[in-house]
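J.:
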Amino acid sequence: KKVCVVGLGYIGLPTSAIFANAGFEVVGVDVNEKVVQTLNKGEIHIEENGLPDLFKKVVREGKFRASLVPEKADVFIIAVPTPIHEDYTANIDYVIDATKSILPYLEKGNVVIVESTIPPRTMDDVVAPIIREHGLDPEKDIYLAHCPERVLPGRILIELVENTRIVGGVTKEAAKKAADVYRAIVKGEVIETEAVTAEMSKLMENTFRDVNIALANELVKISRRIGVDAHKVIELANKHPRVNIHLPGPGVGGHCLAVDPYFIVEKAKEESPLIQTARRINNSMPHFVVEQIQRMTAELTVPKVAIFGLTYKGNTDDVRESPAIKIYELLKQQGRFEVRAYDPHVKQEQVSFPLSTLEEAVDGAHLVVVLADHNEFKNMKAEDFATMKTKVIFDTKNCVHLHDESITVYKIGNLHS
Ligand code: SAJ
2 KKVCVVGLGY
12 IGLPTSAIFA
22 NAGFEVVGVD
32 VNEKVVQTLN
42 KGEIHIEENG
52 LPDLFKKVVR
62 EGKFRASLVP
72 EKADVFIIAV
82 PTPIHEDYTA
92 NIDYVIDATK
102 SILPYLEKGN
112 VVIVESTIPP
122 RTMDDVVAPI
132 IREHGLDPEK
142 DIYLAHCPER
152 VLPGRILIEL
162 VENTRIVGGV
172 TKEAAKKAAD
182 VYRAIVKGEV
192 IETEAVTAEM
202 SKLMENTFRD
212 VNIALANELV
222 KISRRIGVDA
232 HKVIELANKH
242 PRVNIHLPGP
252 GVGGHCLAVD
262 PYFIVEKAKE
272 ESPLIQTARR
282 INNSMPHFVV
292 EQIQRMTAEL
302 TVPKVAIFGL
312 TYKGNTDDVR
322 ESPAIKIYEL
332 LKQQGRFEVR
342 AYDPHVKQEQ
352 VSFPLSTLEE
362 AVDGAHLVVV
372 LADHNEFKNM
382 KAEDFATMKT
392 KVIFDTKNCV
402 HLHDESITVY
412 KIGNLHS
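If you want UniProt numbering, it's the 1-based position in the sequence shown plus 1.
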């Protein structure tokens, strides 16, 4: 069987590699010429555990090819981004373009799957009509389904195989055909449902997490007011068998949690006050972090602040919607700070400001602010901070384990001290 995957990013690429490794012939399509060239050499352009080796293998075995244009196939998988417009509505242009791009190659009996996260009803109201206008019946000629990706960056290769998959068909038959495609690679359960149910389930998963993180972040602010350690409170409350307070931090980033809840709000604004408030709380965290930095450096004329970690979470190179970037910008806007930024996972071309090495960042700094829980930061030693002017660390991810008398570590959950 041949699979054509449109969009070779964080989802499309590992998905292609897994199908290729399972014996499918895979052609991957991307609009970026450089990406296509890199991939055809057996190299990859993103960071993901285990992917470089698996990818090399499938390219070497001739199971995967990258191309700028789609080709005829049995199965088409669309895995392109759905960013957000400035007015917080979903930008589904890439999904529309990708669907249109496969039309010339579509034949009766093909399975077309959209994995991209989309607002509820997009399959029925947008994707199916595009196929109908082209002259194919989306309910009879083509098996059309939404199968949202649910993998956690960093664990993508494991979760693609082990997680339960939800397959929402535009028809019952489509759900079954699309589910069978996944059954070839997934060890977890593959559940068939309607398209809109699959769309909404995916959005609610990420919204659940966002709302729960907002609760933890609100607790941080409350704890600061009351004078209690939020991390300790969470640890103890979570001893209850039915409580699972999430972890507070400098904000919620990435292309999923910080975006997907708006796809629900867009379709049901009046009915979603809780979701909207959670978004507001999480969006307020970079400002909260900057306020704390100001407090910690109030006595200095030109505080030198070293930011550690620019990605939206630890052990990834992804800076999309990263609260750390926002915090960098807010600090710069203040005009008062000298800011340096260090991240062992991020390359200079990914950001619009200069990056420093570890040594450059700490040298003469008054404050180190940890904004991502990279393993490198968890294992730091007192020597790493030897050249700081004042040895103060603000750990917003509760990940620094330093017990050295010469260094003061403030935790985001324990700010009253
Ligand atoms: N975060 C917290 N506290 C927590 C957990 C996370 O502040 O307790 C922050 C992280 O630092 C990060 C953001 O939330 O800034 C999102 O991180 P994440 O690890 O929760 O999730 P993502 O965005 O990497 O991946 C999520 C996953 N969804 C769920 O766990 C419900 C993943 O399974 C989805 O496939 C992915 O979104 C997606 O593509 O939708």
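Ideal placement from N, C-alpha and C gives every residue a C-beta, glycine not left out.
Check whether the region 238-256 touches the region 185-200, counting contact only when three or more Cβ pairs, one atom from each stretch, lie closer than 8 Å.
T.: Because the criterion of three Cβ pairs below 8 Å is not met, the region 238-256 and the region 185-200 do not touch.
J.: Within this structure, are the beta carbons of Ile282 and Val370 separated by less than 7 Å?
T.: Counting from one through the sequence shown, the residue named residue 282 turns up at place 281. Counting from one through the sequence shown, the residue named residue 370 turns up at place 369. No, Cβ-Cβ distance for Ile282 and Val370 is not below 7 Å.
J.: Regarding Lys314 and the ligand SAJ, is the C-beta to nearest heavy atom distance less than 6 Å?
T.: Position 313 of the sequence shown, counted from the start, is the residue given in the question as residue 314. Lys314: yes, Cβ under 6 Å from the ligand SAJ.
J.: For the alpha helix (DSSP H) holding Ile326, just list the boundary residues, first then last.
T.: The residue you call residue 326 lines up with position 325 of the sequence shown. Run containing Ile326: 324-335, per the alpha helix (DSSP H) assignment.
J.: Would you mind working out which of Glu160, Tyr144, Val197, Asn213 sits nearest Ala180, comparing C-alpha positions?
T.: The residue given as residue 180 occupies position 179 in the sequence shown. Of the listed residues, the one whose Cα sits closest to Ala180 is Tyr144.
J.: Using the Cβ count rule (16 or more neighbours within 10 Å means buried), how would you classify Val394?
T.: Here residue 394 is taken as the residue at index 393 of the sequence shown, counted from 1. The amino acid occupying residue 394 in the given sequence is Ile; Val does not appear at that position. Looking at its Cβ environment, which holds 16 or more other Cβ atoms inside 10 Å, Ile394 is buried.
J.: In chain order, which beta strand (DSSP E) runs of at least 3 residues are fully inside the region 84-171?
T.: DSSP runs (the beta strand (DSSP E)) wholly in the region 84-171: 112-115, 144-147, 166-170.
J.: What runs of the beta strand (DSSP E), each 3 residues or longer, lie entirely inside the region 288-313?
T.: Taking only runs of at least 3 residues, the beta strand (DSSP E) segments lying wholly in the region 288-313 are 305-309.
J.: Nearest CA to the CA of Glu62: which residue from Gly250, Leu258, Gly24?
T.: Counted from its first residue, the sequence shown places residue 62 at position 61. The residue with the shortest Cα to Cα distance from Glu62 is Gly24.
J.: Going by C-alpha to C-alpha distance, which of Leu368, Asp374, Ala383 sits closest to Lys390?
T.: As a working mapping, residue 390 is identified with position 389 in the sequence shown. For the residues Leu368, Asp374, Ala383, the minimum Cα distance to Lys390 belongs to Leu368.
J.: Can you name the start and end residues of the beta strand (DSSP E) that Asp181 belongs to?
T.: Counted from its first residue, the sequence shown places residue 181 at position 180. Careful: Asp181 lies outside any beta strand (DSSP E), inside the alpha helix (DSSP H) at 173-184.
J.: Along the alpha helix (DSSP H) that carries Val59, what are the first and last residues, could you check?
T.: In the sequence shown, the residue the question calls residue 59 occupies position 58. 52-61 is the extent of the alpha helix (DSSP H) around Val59.
J.: Going by DSSP, name the residue or residues bridged to Asp396.
T.: Taking the sequence shown and counting its residues from 1, one reaches residue 396 at position 395. Note: Asp396 sits in a beta bridge opposite Val371, Lys412.
J.: Can you list every residue whose CB sits closer than 6 Å to some heavy atom of the ligand SAJ, going in chain order?
T.: Going by the Cβ distance cut-off, the answer is Thr118, Glu150, Arg151, Val152, Leu153, Pro154, Glu206, Asn207, Arg210, Ile214, His247, Leu248, Gly250, Val253, Gly254, Gly255, Cys257, Leu258, Tyr313, Lys314.
J.: Gln349 and Arg320 - do their beta-carbons sit closer together than 7 Å?
T.: Walking along the sequence shown from the start, residue 320 turns up at place 319. Walking along the sequence shown from the start, residue 349 turns up at place 348. According to the sequence as given, residue 320 is Val; it is not Arg. Against a cut-off of 7 Å, the Cβ pair of Gln349 and Val320 comes out as no contact.
J.: Going by DSSP in three states, Gly29 sits in which element: helix, strand or coil?
T.: In the sequence shown, residue 29 corresponds to position 28, counting from 1. DSSP places Gly29 in strand when its eight states are reduced to three.
J.: Thinking Asn111 and Phe77 are a contact (beta carbons under 8 Å), I'd like their distance in whole angstroms, please.
T.: Numbered from its first residue, the sequence shown carries residue 111 at position 110. Numbered from its first residue, the sequence shown carries residue 77 at position 76. Asn111 to Phe77, Cβ: 6 Å. Contact.
J.: What does the alpha-carbon distance come out to for the pair Glu116 and Glu339?
T.: Residue 116 sits at position 115 when you count from the first residue of the sequence shown. Residue 339 sits at position 338 when you count from the first residue of the sequence shown. Glu116 and Glu339: Cα-Cα distance of roughly 43 Å.
J.: Put Ser224 into one of helix, strand or coil per three-state DSSP.
T.: Taking the sequence shown and counting its residues from 1, the one referred to as residue 224 is at position 223. Here Ser224 sits in helix by DSSP.
J.: I'd like the span of the alpha helix (DSSP H) that includes Glu267, first residue to last.
T.: Looking up residue 267 in the sequence shown gives position 266. Segment 261-268, the alpha helix (DSSP H) holding Glu267.
J.: Does the beta-carbon distance from Leu104 to His147 come in below 7 Å?
T.: To locate residue 104, count along the sequence shown from 1; it is residue 103. To locate residue 147, count along the sequence shown from 1; it is residue 146. No.
J.: Between the Cα of Ala362 and the Cα atoms of Asn415, Ile328, Gly310, Tyr411, which residue gives the shortest distance?
T.: Numbered from 1 along the sequence shown, position 361 holds the residue referred to as residue 362. Ranking the options by Cα distance to Ala362, first place goes to Gly310.
J.: How about Ile45 and Phe56: do their beta carbons lie closer than 7 Å?
T.: In the sequence shown, residue 45 corresponds to position 44, counting from 1. In the sequence shown, residue 56 corresponds to position 55, counting from 1. Yes, they are a contact pair.
J.: Quick check on the DSSP output: the beta strand (DSSP E) that includes Lys3 runs from which residue to which?
T.: Taking the sequence shown and counting its residues from 1, one reaches residue 3 at position 2. Taken as a continuous stretch (DSSP letters only), the beta strand (DSSP E) holding Lys3 covers 3-7.
J.: Hey, would you say Pro262 sits closer than 7 Å to Asn218, going by beta carbons?
T.: Translated into the one-based positions of the sequence shown, residue 262 becomes position 261. Translated into the one-based positions of the sequence shown, residue 218 becomes position 217. No, these two residues do not count as a Cβ contact at 7 Å.
J.: Taking the alpha carbon of Thr33 as the reference point, which residue from Thr90, Leu69, Asn22 has its own alpha carbon closest?
T.: Taking the first residue of the sequence shown as position 1, residue 33 is located at position 32. Correcting the residue identity first, residue 33 is Asn in this sequence and not Thr. Ranking the options by Cα distance to Asn33, first place goes to Leu69.
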